[in-house]
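Shown next, in structure tokens, is the structure this report addresses.
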Amino acid sequence: MVKKNRSQRSIEHLEYINEIAHVVSKFSTSLSRIYVAHLKRSASKILQNLGTEIKQSFCKRCNTVFVEGVNCDITMKEQCRIYKCKTCGYIRKINLNKPLKKFPTTLRKMSRTTKQGGKDAKEKESKGG
Ligand SMILES: [Zn+2]
Numbered sequence: 200m201v202k203k204n205r206s207q208r209s210i211e212h213l214e215y216i217n218e219i220a221h222v223v224s225k226f227s228t229s230l231s232r233i234y235v236a237h238l239k240r241s242a243s244k245i246l247q248n249l250g251t252e253i254k255q256s257f258c259k260r261c262n263t264v265f266v267e268g269v270n271c272d273i274t275m276k277e278q279c280r281i282y283k284c285k286t287c288g289y290i291r292k293i294n295l296n297k298p299l300k301k302f303p304t305t306l307r308k309m310s311r312t313t314k315q316g317g318k319d320a321k322e323k324e325s326k327g328g
């Protein structure tokens, strides 16, 4: 039996809260906002970056889970995706050319259990001039 370490369990917990927040948002906005607030708080507690995809799925200011056409307007402008929250009026521009920060999913972590030379050995070449 594989014993899960603490960080893996907390990542699973964050994934779980994120899922609940999105499911609950279909029925109750206020409850989903509580879950998103909890998600942000727990992520900062364990110093875990939520990743761009998760962060883009809710409003930064009022924690409302974005549902296109219902509580947010999404427009495209010059390689930017602009989210406008209908709840609080917050406008968020997202540059699509910027690389995404990914949330370490537990599945990805499990596939990486075989650790071989984790970090790339950087070869420093000294050029004599
Ligand atoms: Zn908002």
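To convert, note that position 115 of the sequence shown is 314 in this note's numbering; the numbers rise steadily by one, no gaps. Cβ coordinates follow ideal geometry from the N, Cα and C atoms, glycine included. Please read these numbers as outputs of a predicted model, since none were measured by experiment.
How about residue 258 and residue 234: are their beta carbons less than 7 angstroms apart?
Counted from its first residue, the sequence shown places residue 258 at position 59. Counted from its first residue, the sequence shown places residue 234 at position 35. Cβ atoms of residue 258 and residue 234: not closer than 7 angstroms.
What residue range is occupied by the uninterrupted beta strand (DSSP E) comprising residue 332? Outside the shown range of the chain (200 to 328) lies residue 332, about which nothing can therefore be said.
Exercise for the section: Measuring alpha carbon to alpha carbon, tell me which of 255, 260, 249, 242 ends up nearest residue 295. Expected result: In the sequence shown, counting from the first residue as 1, residue 295 sits at position 96. The shortest Cα separation from residue 295 among 255, 260, 249, 242 belongs to 255.
### Task
Please indicate yes or no: does the CB of residue 215 lie closer than 6 angstroms to some heavy atom of ligand 1?
Numbered from its first residue, the sequence shown carries residue 215 at position 16. No, ligand 1 has no heavy atom inside 6 angstroms of this Cβ.
Review point. Mind checking residue 248: buried by the 16 CB within 10 Å criterion, or exposed?
Key: One-based indexing of the sequence shown puts residue 248 at position 49. Under this definition residue 248 is an exposed residue.
Exercise for review: Note down, one range per segment and in chain order, each beta strand (DSSP E) of at least 3 residues found wholly within the segment 200-277.
Suggested key: Runs of the beta strand (DSSP E) lying entirely within the segment 200-277, each at least 3 residues long, are 271-276 in chain order.
- Query: Quick one: does the C-beta of residue 232 sit closer than 6 angstroms to a heavy atom of ligand 1?
  - Reply: The residue you call residue 232 lines up with position 33 of the sequence shown. Not so, every heavy atom of ligand 1 lies at least 6 angstroms from the Cβ.
**Study point:** Distance, residue 261 Cα to residue 291 Cα
**Key:** Along the sequence shown, read from residue 1 onward, the residue named residue 291 stands at position 92. Along the sequence shown, read from residue 1 onward, the residue named residue 261 stands at position 62. Near 12 angstroms, if we compare the C-alpha coordinates of residue 261 and residue 291.
Discussion item. For the segment 263-273 against the segment 223-232, do three or more pairs of beta-carbon atoms, one drawn from each stretch, fall closer than 8 angstroms, so that the two count as touching?
Written reply: Touching, yes.
- Any idea what DSSP makes of residue 287, helix, strand or coil? As a position in the sequence shown, residue 287 is number 88, starting the count at 1. The answer is coil: DSSP assigns residue 287 none of H, G, I, E or B.
Closest by C-alpha distance to residue 239, when choosing among 253, 276, 206, 284
Here residue 239 is taken as the residue at index 40 of the sequence shown, counted from 1. If we check each option's Cα against that of residue 239, 253 comes out closest.
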